[in-house]
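S.K.: 298 is the number of the first residue of the sequence shown in my numbering; add one for each residue after it.
Every residue gets a Cβ at the ideal spot worked out from N, C-alpha and C, and that includes glycine.
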Amino acid sequence: MAVLERVNRWIGRSVAWLTVLMVFNTVAIIAARDLFGFGRIWMQELTTWMHAAVFLLGIAYTLAHDEHVRVDIFYQRFGERGRAWIDAIGTLILLVPTSLYLLIASWNYVFGPLGSWASREASAQAGGLGFPAPAVLKTFMVIMPILLLLQSVVILGRCMQTLRRGASQ
Numbered sequence: 298m299a300v301l302e303r304v305n306r307w308i309g310r311s312v313a314w315l316t317v318l319m320v321f322n323t324v325a326i327i328a329a330r331d332l333f334g335f336g337r338i339w340m341q342e343l344t345t346w347m348h349a350a351v352f353l354l355g356i357a358y359t360l361a362h363d364e365h366v367r368v369d370i371f372y373q374r375f376g377e378r379g380r381a382w383i384d385a386i387g388t389l390i391l392l393v394p395t396s397l398y399l400l401i402a403s404w405n406y407v408f409g410p411l412g413s414w415a416s417r418e419a420s421a422q423a424g425g426l427g428f429p430a431p432a433v434l435k436t437f438m439v440i441m442p443i444l445l446l447l448q449s450v451v452i453l454g455r456c457m458q459t460l461r462r463g464a465s466q
């Protein structure tokens, strides 16, 4: 589990730097347009795509740090064991099936015979980012559920440790 946590932490921290690059790119877009009177579609697309990458690749990191949105009606009222049960059941009933569905649904879209890689997809915008940029971005749609599945293993492992520790006391 420690290896999975380190991988998730490294990806999350690395992708966080894209937010800094987005700021610089946005400033460059505005300066180019307002000061020099020209713009580039590929720069605007790059900002949008970096934003998408931050969300797609950072979601498991956010989950690992318990910073995700939680509808907290009962969770805070429970003790450590109760929370472990809720986390384990939620992971098995919601996170794992949803992640598997996203992985299966996005696979052909990205890697199938008509997918982004096979069709050598480029931006629909004239002057936009060409191949392989759209394919790389869409590959993140496959990586995201894989990262979530890896994080679900970590969550379930933590829940099992908590439940075992509580049973032995």
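Whose CA, out of A313, W382, R378, E342, lies closest to the CA of G355?
M.R.: Closest option to G355, Cα to Cα, is A313.
S.K.: To the nearest angstrom, report how far apart S416 and L447 are at their CA atoms.
M.R.: Going by the C-alpha atoms only, they are around 30 Å apart.
S.K.: Less than 8 Å between the beta carbons of T388 and S449, yes or no?
M.R.: For T388 and S449, yes; Cβs fall inside 8 Å.
S.K.: Alpha carbon to alpha carbon, what distance is there between W404 and P410?
M.R.: Using only the alpha carbons, I get a separation of about 11 Å.
S.K.: Whose C-beta lies closer than 7 Å to the C-beta of H348 among residues of the same chain, with five residues either side of it excluded?
M.R.: Contacts found: M319.
S.K.: Please state whether DSSP places Q422 in a helix, a strand or coil.
M.R.: Coil at Q422, not helix or strand.
S.K.: According to DSSP, is F428 helix, strand or coil?
M.R.: The answer is coil: DSSP assigns F428 none of H, G, I, E or B.
S.K.: Specify, as a first and last residue, the run of the alpha helix (DSSP H) that H348 falls within.
M.R.: Taken as a continuous stretch (DSSP letters only), the alpha helix (DSSP H) holding H348 covers 338 to 361.
S.K.: Roughly how far, in whole angstroms, is the beta-carbon of E377 from the beta-carbon of T459, given that I think they are within contact range, below 8 Å?
M.R.: Contact holds; Cβ gap of about 6 Å.
S.K.: Pick helix, strand or coil for G409, following the three-state DSSP scheme.
M.R.: Reduced to three states, the DSSP call for G409 is coil.
S.K.: Can you tell me which of the three DSSP states V366 falls into?
M.R.: If DSSP states are grouped into helix, strand and coil, V366 belongs with coil.
S.K.: Does the beta-carbon distance from M298 to N322 come in below 8 Å?
M.R.: Going by C-beta atoms, M298 is not nearer than 8 Å to N322.
S.K.: Buried or exposed for P442, going by 16 or more other Cβ atoms inside 10 Å?
M.R.: Buried, by the Cβ-count rule.
S.K.: With a 10 Å radius around its C-beta and 16 neighbouring C-beta atoms as the bar for buried, classify A402 as buried or exposed.
M.R.: Result: exposed.
S.K.: Beta-carbon within less than 6 Å of L397's beta-carbon, same chain only, minus the 5 sequence neighbours each way: which residues are those?
M.R.: Answer for L397: no residue qualifies.
S.K.: DSSP on A415, reduced to helix/strand/coil?
M.R.: The answer is coil: DSSP assigns A415 none of H, G, I, E or B.
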